[in-house]
Amino acid sequence: MTQLPDEPATAPPNADVDSPDQGSRGDSRVEYDRVPWRRVGVFMLISYGLFALFAAPFWVLPGGVRHPSYSLVIGAGMWTPAIASVVLAKGVEKTSWRTRVGLRFRGRWWSLLLWTLVAVGVVMAVHVVTAVAMILRGVPGDLTGGTWMRIVLEQMSAASGSPVGPAQAVGLVALTAVAGLLVTCVLALGEEIGWRGWLWPALRPLGRLRAAAAGGVIWAMWHLPIVLIGHNYTGAPRHLAVAMFILPCIAMTLLFGALTDRAAGNPLPAAAAHGTMNSQFGTVLAIVATPQTPAAMNLFIDTPLGIIGVAALLVAGLALSTRGLKV
1 MTQLPDEPAT APPNADVDSP DQGSRGDSRV EYDRVPWRRV GVFMLISYGL
51 FALFAAPFWV LPGGVRHPSY SLVIGAGMWT PAIASVVLAK GVEKTSWRTR
101 VGLRFRGRWW SLLLWTLVAV GVVMAVHVVT AVAMILRGVP GDLTGGTWMR
151 IVLEQMSAAS GSPVGPAQAV GLVALTAVAG LLVTCVLALG EEIGWRGWLW
201 PALRPLGRLR AAAAGGVIWA MWHLPIVLIG HNYTGAPRHL AVAMFILPCI
251 AMTLLFGALT DRAAGNPLPA AAAHGTMNSQ FGTVLAIVAT PQTPAAMNLF
301 IDTPLGIIGV AALLVAGLAL STRGLKV
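Take 1 as the starting number for the sequence shown in UniProt numbering and just add one per residue.
#1: Mark H127 as exposed unless 16 or more other C-beta atoms lie within 10 angstroms of its C-beta, in which case mark it buried.
#2: Give every residue of the same chain whose Cβ lies closer than 6 Å to the Cβ of G216, excluding the five residues on either side of it in the sequence, and list them in chain order.
#3: When you compare the region 190-198 with the region 259-276, are there three or more beta-carbon pairs, one atom per stretch, that lie closer than 8 Å?
#4: Closest to I135 by CA distance: which of M297, A316, V310 is it?
#5: Can you list the alpha helix (DSSP H) stretches of 4 or more residues lying completely in the region 229-315, in chain order?
#6: So, with DSSP's three-state summary, where would you put V186?
#7: What residues in its chain sit with their C-beta under 7 Å from that of A214, if we drop five residues either side in the sequence?
#8: Within the continuous alpha helix (DSSP H) that includes F43, where are the two ends?
#9: Using the three-state DSSP reduction, which class does E93 fall into: helix, strand or coil?
#10: Suppose the cutoff is 6 Å on Cβ atoms and the five residues either side in sequence are ignored; what does the same chain contact list for P140 look like?
#11: In the DSSP assignment, the alpha helix (DSSP H) including V123 goes from what residue to what residue?
#12: In three-state terms, what does DSSP make of S24?
#13: What is the residue span of the alpha helix (DSSP H) that L72 lies within?
#14: If I follow the unbroken alpha helix (DSSP H) through G216, where does it start and stop?
#15: Let me make sure I understand the geometry here. Which of G306, P201, L305, S162 has the alpha-carbon closest to that of V30?
#16: According to DSSP, is V60 part of a helix, a strand, or is it coil?
#17: Please say whether H231 and V65 have beta carbons closer to each other than 7 Å?
#18: Tell me whether the beta-carbon of N278 lies closer than 7 Å to the beta-carbon of G102.
#19: Below 7 Å CB to CB, which residues in the same chain sit around A316 once its five sequence neighbours on both sides are set aside?
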């Protein structure tokens with residue numbers, strides 16, 4: 001496993017301690033001696049401002065977050081942190097953007113693939129734990145998946161006009177899930193290049209836990225223009241949604257940051273985890289749900305962005321951060 005060093009590199013005499021130390025271990029990781037807060041502020045200003053422009057139309061368009069173009073436009077807006085990282089790396093830090101955000105590979109494909117698969121597996125486990133815990137706490141559901149299978153077979157048979165077998169149904173659902181995962185991973189990469197590729201190394205002098213807390217708050221507040229109009233925790237009071245969303249963002253930052261460090265600074269595993277987080281809970285939930293499940297769910301408890309999910313994410317993040325953890 002990749003060692004996770006926590007002590008920032010010591011700058012040589014007369015060095016600019018706000019400049020990142022890159023490539024000292026022959027990989028993509030970047031280290032700072034102290035947090036470059038002014039650069040972090042510029043990064044936030046650019047990423048927040050650009051994303052607000054993408055979100056602004058849905059404050060006035062009919063339907064808001066349910067508008068037909070919402071997913072497409074906001075999906076494109078997920079690349080604004082990457083844009084901010086380009087501006088900072090090329091315009092302020094005067095360094096290689098790909099190296100600064102960890103998008104250098106240098107023969108590490110097998111390790112990168114391994115951590116990408118681990119990322120998907122860990123988040124899928126979080127989804128499963130969340131769904132099972134939801135049912136165990138009393139929300140109606142069917143852990144055998146029998147209700148889901150019956151409904152899926154009925155719907156697919158009706159749509160095709162001929163009987164559909166369980167193997168066909170499962171295969172089609174799996175294919176749809178994989179396609180959705182690939183799309184969301186591409187979109188999530190734009191965020192992860194910014195949050196984990198650029199911002200995470202800049203905050204690491206705080207120590208892993210404090211960096212996760214600071215990065216999580218910054219990340220959560222970036223979502224403010226869409227959370228205020230109904231994104232996440234549908235139907236809940238917006239002030240509660242804004243406050244609650246900070247917790248999973250902190251937990252995800254700890255996990256995604258650990259995955260990035262394990263991948264020697266490359267944000268691709270974090271993008272895979274982020275994409276899995278965004279796209280796959282619906283699949284897991286559908287398998288264990290009954291028609292009564294949605295009405296009985298508490299979105300602040302029974303989802304990956306709720307209390308159960310936050311707890312599972314924190315356990316996963318701490319487990320991947322245990323080597324060299326600095327509080």
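Ideal Cβ positions, reconstructed from N, Cα and C, are used throughout, including at glycine. All values reported here derive from a predicted model rather than from experimental measurement.
Based on what the coordinates show:
#1: Looking up residue 127 in the sequence shown gives position 127. Buried.
#2: Working through the sequence shown from its first residue, we reach residue 216 at position 216. Excluding sequence neighbours, G216 sits near C249, I250, T253.
#3: yes
#4: The residue given as residue 135 occupies position 135 in the sequence shown. Checking every option, the nearest Cα to that of I135 belongs to M297.
#5: 238-262, 268-279, 281-288, 293-296
#6: Counting from 1 along the sequence shown, the entry for residue 186 is found at position 186. Correct three-state label for V186: helix.
#7: The residue you call residue 214 lines up with position 214 of the sequence shown. Around A214: L203, L206.
#8: For the purposes of this step, residue 43 is identified with residue 43 of the sequence shown, where counting begins at 1. Note, F43: alpha helix (DSSP H), 37-55.
#9: Translated into positions along the sequence shown, residue 93 becomes position 93. Correct three-state label for E93: coil.
#10: Working through the sequence shown from its first residue, we reach residue 140 at position 140. Here the set comprises T290, Q292, T293, A296.
#11: The count along the sequence shown starts at 1 and reaches residue 123 at position 123. Unbroken alpha helix (DSSP H) run through V123: 109-136.
#12: Here residue 24 refers to the residue found at position 24 of the sequence shown. Only weak support is given to the placement of S24: the predicted model assigns it a pLDDT of 45, under 50, and the question is left unresolved by the model.
#13: For the purposes of this step, residue 72 is identified with residue 72 of the sequence shown, where counting begins at 1. Looking at the DSSP string, the run of the alpha helix (DSSP H) that includes L72 is 70-77.
#14: Looking up residue 216 in the sequence shown gives position 216. Here the alpha helix (DSSP H) through G216 covers 208-222.
#15: Taking the first residue of the sequence shown as position 1, residue 30 is located at position 30. That would be P201, whose Cα lies nearest to the Cα of V30.
#16: The sequence position of residue 60 within the sequence shown is 60, counting from 1. In this structure, V60 counts as coil in the three-state DSSP scheme.
#17: Here residue 65 refers to the residue found at position 65 when the sequence shown is read from its first residue. Here residue 231 refers to the residue found at position 231 when the sequence shown is read from its first residue. Going by C-beta atoms, V65 is nearer than 7 Å to H231.
#18: Locating residue 278 in the sequence shown gives position 278, where the first residue counts as 1. Locating residue 102 in the sequence shown gives position 102, where the first residue counts as 1. Going by C-beta atoms, N278 is not nearer than 7 Å to G102.
#19: Numbered from 1 along the sequence shown, position 316 holds the residue referred to as residue 316. These residues qualify, in order along the chain: V122, V126, L255.
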